[in-house]
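Positions in the sequence shown are counted from 1; adding 24 to them yields my numbering.
The C-beta atom is built at its ideal place from N, Cα and C for all residues, glycine as well.
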Amino acid sequence: MSELRRPIECGVPDSKQFMPPVLVRNYGKWAWHDRPQPGVLRHVAEGGDQVFTVKAGTQRQMDIHTIRKLCDIADQFCDGHVRFTIRSSVEFMTPDESKVKPLIDALEAAGFPVGGTGNSVGFISHTQGWLHCDIPGTDASGVVKALMDELVDEFKHEDMPNRVKITTSCCQINCGGQGDIAINVQHTKPPVINHALVSGVCERPAVIARCPVAAIRPALVDGKPSLEVDEKKCVCCGACYPPCPPMQINDPVNSKIAIWVGGKHSSTRSKPMFHKLVAAGLPNNAPRWPEVAEVVKLILRTYKADARPWERMGEWIERIGWPRFFEMTQLPFTKYHVDTWRGGRANLNASAHLHF
Ligand code: SF4
Ligand code: SF4
């Protein structure tokens, strides 16, 4: 009889086993760092050791051949060490300054642009999309690839007033968080219910509890249990679709893309900020999303020309004011923009039930 396979409570593996030896030796002892050129960081330790980090961008979702190519470059220049950042750019570290230029040349020759440091447009992050989530209304990684192709020069140079973090989210739940510029799916019509499937597929109480504005009610349709939506209440958030796929909300025409600006997670220089809606109803136009790219480039151009050094997007808008932002970008302004959620008590929290 085979031995029992007991679980090993190992938690997160110790990261030191994967680090280049120079990082392990100087762990917690780094004295200062600078950026000798865009895309390259130099860290110098208290004892004088130094390490160069070269940052490069990829096409985001990578096949095994691309990852092998990146590993081959790491083998050739960095003794096999490479790491992926939280935004999925890749970083190669070497203590040998003479290897930096050949490493950059090898990355550029293989099609990986070097940049994303300092006051550049950093690598664009996106939510999980089709590969890992069951509700996307667009291909967030595709939007990122199309935009990065347009913005590659802003990734490779450090010409922005401050760093620019762009995010994309493939549904309105927006698990991607806040960004200086955020590109989010925006459903504009309530879900269409396939009543024939509801009774066999959905747990109706779970779907009803999911709706943030209590717009879903149980109903009998043709004598069978189903659901109905109060379309006047529905805010088209899409939260009912994951627990009940027959409540189809994705729509090739009416699921649009919206752009939000001025968000940030960090508390550096100023407090974290929520991004706010500035462009709505853009077509979800795969595979290159040209209308989205045009608005993003317009906002970036205006920010670059007018912001003071080190102002993040939200800080710049706070200084000049939202009316001036819309004047300068010439984006159309409607009453739905720049929502402070002051009216949220009436239009969002309309139900008495709470769920955590
Ligand atoms: S943004 Fe929405 S669809 Fe995209 S991964 Fe997050 S929850 Fe899923
Ligand atoms: S889309 Fe959102 S608001 Fe509309 S019914 Fe579904 S959960 Fe409720």
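Taking a contact to mean a Cβ-Cβ separation below 7 Å, would you say Phe357 touches Phe350 in this structure?
Going by C-beta atoms, Phe357 is nearer than 7 Å to Phe350.
Between Ala263 and the rest of its own chain, which residues show a CB-CB distance below 8 Å, the 5 nearest in sequence each way excluded?
Counting only Cβ-Cβ distances below 8 Å, and skipping sequence neighbours, we find Ile197, Arg234, Cys235 and Pro236.
Pull up the distance between the alpha-carbon of Phe42 and that of His105, whole angstroms please.
Straight across, the Cα-Cα distance linking Phe42 with His105 is about 8 Å.
Environment of Trp334 [buried if 16+ CB atoms lie within 10 Å]
A residue is called buried once 16 or more other Cβ atoms fall within 10 Å of its Cβ, and Trp334, having fewer, is exposed.
I want to check one thing, is the minimum distance from the CB of Gly139 to the heavy atoms of ligand 4 below 6 Å?
Ligand 4 is absent from the structure shown, which contains only ligand 1 and ligand 2.
Considering only residues of the same chain and omitting the five flanking positions on each side of Phe147, which have a CB-CB separation below 6 Å?
So the list reads Gly81, Arg111, Ser113 and Gly140, once near-sequence residues are dropped.
Cα-Cα separation, Val245 to His219:
Going by the C-alpha atoms only, they are around 7 Å apart.
Which whole-angstrom value is the C-beta distance of Leu267 and Val216, which I expect to be below 8 Å?
Going by the sequence as given, residue 267 is Pro instead of Leu. Rounded, the Cβ-Cβ distance is 16 Å, inconsistent with contact.
Going straight from the alpha carbon of Gln61 to that of Ala170, what length do you get?
When rounded, the separation of the alpha-carbon atoms in Gln61 and Ala170 is 26 Å.
Check: Gln392 C-beta below 6 Å from any heavy atom of ligand 1
In the structure as shown, the chain begins at 25 and stops at 380. Residue 392 is therefore absent and cannot be evaluated.
What are the boundary residues of the alpha helix (DSSP H) that includes Arg241?
Looking at the DSSP string, Arg241 is not in any alpha helix (DSSP H); the run it does join, the beta strand (DSSP E), is Ile240 to Val245.
Minimum C-alpha distance to Lys280 - residue among Asp87, Glu315 and Lys123:
Of the candidates Asp87, Glu315 and Lys123, the one whose C-alpha sits nearest the C-alpha of Lys280 is Glu315.
Please check the pair Pro160 and Gly153, which I expect to be a contact at CB under 8 Å, by giving their CB distance rounded to whole angstroms.
At roughly 5 Å, the Cβ-Cβ gap stays under 8 Å, so Pro160 and Gly153 are in contact.
Taking the DSSP output, what are the residues bridged to Pro276?
According to the DSSP secondary-structure assignment, Pro276 is paired through a beta bridge with no residue.
Straight-line gap, His379 to Ser291 (C-alpha atoms, nearest Å)
Any reading at His379 is ruled out, since the residue's pLDDT is 49, under 50, leaving its predicted position unreliable.
Would a C-beta distance cut-off of 7 Å place Ile128 and Val78 closer than the cut-off?
Yes. Within cutoff.
Run through DSSP, which three-state label would Phe116 get?
Shown here, Phe116 sits in a strand according to DSSP, grouped into three states.
State the DSSP-derived secondary structure class of Ile32, mapped to helix, strand or coil.
Coil at Ile32, not helix or strand.
How many Å lie between Glu70 and Pro44 at the Cα?
Roughly 17 Å separates the two Cα atoms.
For Val237, the three-state DSSP class (helix, strand or coil):
Coil at Val237, not helix or strand.
For ligand 2, is there any heavy atom lying closer than 6 Å to the beta carbon of Ala233?
For ligand 2, not one heavy atom lies less than 6 Å from the Cβ of Ala233.
Within this structure, are the beta carbons of Glu115 and Asn143 separated by less than 7 Å?
No, the pair does not count as a contact, with Cβ atoms beyond the cut-off.
Thr77 by DSSP, collapsed to three states: which one?
Three-state result, Thr77: strand.
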